[in-house]
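In my numbering, the protein residues as written are 2 to 361.
Using N, Cα and C, we set each Cβ at its ideal position, and we do this for glycine too.
Small disclaimer: the values here were computed from a predicted structure and weren't measured.
To start, the structure under review is shown below, and the notes come after it.
In C-alpha cells:
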C-alpha cells in the first residue's frame, strides 16, 4: 500500500519555499506516496501548482490566532485523528528550535530523518495567467527600454535586515537620478505613491509573480526575505544581487544567503552582502556593482557567520529545564554544521561559569 504522507509547515513564505525541497525529497524516497502539505492560508500561494505536492490542506485562522501557538497545537491534535502513515512537522517554531545549526534552510532539513539527495533549489510553478500578468506589468511600465532593471525587496519580517520601504524609496531616488537608463520595481505588499515614474510600485504583482518578473530584470537589491529566496527558485532568473543584512542578527534572524549557498556548494559569485544601511553608501555600492560587479564584490562584500549567543542561550535554557538530551542535540547540530566542536563547548562552559559566579 502506498504511503500517505503529511508535511506540516504553515509559515512563512520564504521558509515554505525552502521546504519545497523536502516535498521533492519525499517523492524521491517514496515515489508512489500520496503527499499532502498542511499550510497557512497566507502561504498557500507558495505551493500552488507544485508537481511534488498531491494535495494542499489549507489551514485558516483569524488575526487573533497564532500559527506557532494555538493553531499549531490544535492542528497536531486534529492530525492524530487522521490516517497518515508519516507526518513531518518541518516548521522550526515552536517544536524544532533544537535542530538549529546556523541557517534556516539546513535547520529545516535537519528535521527530516532521511538524507537530502535532491537539488536544494526551491521549487515554484506559475500558471499561465500569472505569466501573462507579469508580461502586462512589464509592458505597462516599459521595463524593456531600460538598461538596468532593478527589483528592490524592502519589507523583511524576521529581523534579518534594517531595510524598509522609506529607505528603499530614498535609495531608488538616488539611483534614478544618477542613471537615466535605470528603473526600479519596489517589490512590497504595501501600496505607496511613487515619487517618479522610474520608481515602480510593485504591490500590484503577487508574491509568486516576482519569480517571473526576475526574467525581465537585471539586478536585485534584497534583504534575504521572501522575495530574495523566491529568486533562488528554479523558476527565477539568477540575478546579481546586493543583500543588505543585519550584522548583529540573533538566532534565526541570521540570514546570509552566501553562507547558506556555500554550505550547499552553490555558486556565490553573483552575491554581495553588506550591513551598511546609509542610503548614500548603499547607492554608491549599487552603482559600483552595476559598472563592475566582480570588482564591487571584491571591495564591498562582507562575510557573515552565525554567532554563538542563540545556541548558548538555548543550551542553558535546556539545562535549566533538565532537558539534557536537547543540549546534546543542539550542540551536535551547530558544531557539525559549523565545525566548532571545541570552541562551542568551551564557550558553553565559560557561560555556565559566569552564570554560577554571578553576584546576586
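Which residues mark the beginning and the end of the beta strand (DSSP E) in which residue 185 is found?
183 to 188
Curious, which full-length alpha helix (DSSP H) runs of at least 4 residues does the region 144 to 230 contain?
166 to 179 and 210 to 214
Span separating the alpha-carbon of residue 122 from that of residue 355:
42 Å
Drop a sphere of 10 angstroms on the beta-carbon of residue 157, count the other beta-carbons inside from all chains shown, and report buried for 16 or more, exposed for fewer.
buried
Quick one, which of 276, 299 and 304 has its alpha-carbon nearest residue 422's?
Residue numbering for the chain in the displayed model covers 2 to 361; residue 422 lies beyond these limits and cannot be assessed.
If the criterion is Cβ atoms closer than 8 Å, does the pair residue 203 and residue 188 meet it?
yes
Measure the C-alpha to C-alpha separation of residue 109 and residue 141 and round it to an integer number of angstroms.
39 Å
Leaving out five residues before and five after residue 161 in sequence, what residues of the same chain have Cβ atoms less than 7 Å from its Cβ?
224, 225, 226, 246, 247, 250, 254 and 256
Which residue from 308, 307 and 285 puts its Cα closest to that of residue 297?
285
Do the CB positions of residue 277 and residue 220 come within less than 8 Å of each other?
no
Per the contact definition of three or more C-beta pairs closer than 8 Å, is the region 162 to 182 in contact with the region 84 to 101?
no
For residue 56, which beta-bridge partners are listed by DSSP?
37
For residue 345, which three-state DSSP category applies?
helix
Tell me whether the region 115 to 130 and the region 229 to 247 touch, counting them as touching only if at least three CB pairs, one residue from each stretch, are closer than 8 Å.
yes
Between which two residues does the beta strand (DSSP E) holding residue 243 run?
242 to 245
Let's see if you can read the secondary structure: which residues bound the alpha helix (DSSP H) around residue 122?
Segment: none, residue 122 is in no alpha helix (DSSP H) and carries neither H nor E.
Do you know whose CA, among 186, 180 and 181, lies nearest residue 169's CA?
186
Exposure label - residue 240; buried when at least 16 CB within 10 Å
buried
Terminal residues of the alpha helix (DSSP H) in which residue 129 lies:
129 to 141
May I ask you to verify whether the region 2 to 9 touches the region 27 to 38, counting CB pairs closer than 8 Å and requiring at least 3?
yes
In this structure, what does DSSP give as the bridge partners for residue 273?
243
For residue 267, three-class secondary structure by DSSP
coil
In terms of alpha-carbon separation, which member of 281, 111, 209 and 238 lies closest to residue 366?
In the structure as shown, the chain begins at 2 and stops at 361. Residue 366 is therefore absent and cannot be evaluated.
What would DSSP say about residue 89, mapped onto helix, strand or coil?
strand
Residue environment, residue 350, which counts as buried when at least 16 other CB atoms sit within 10 Å:
exposed
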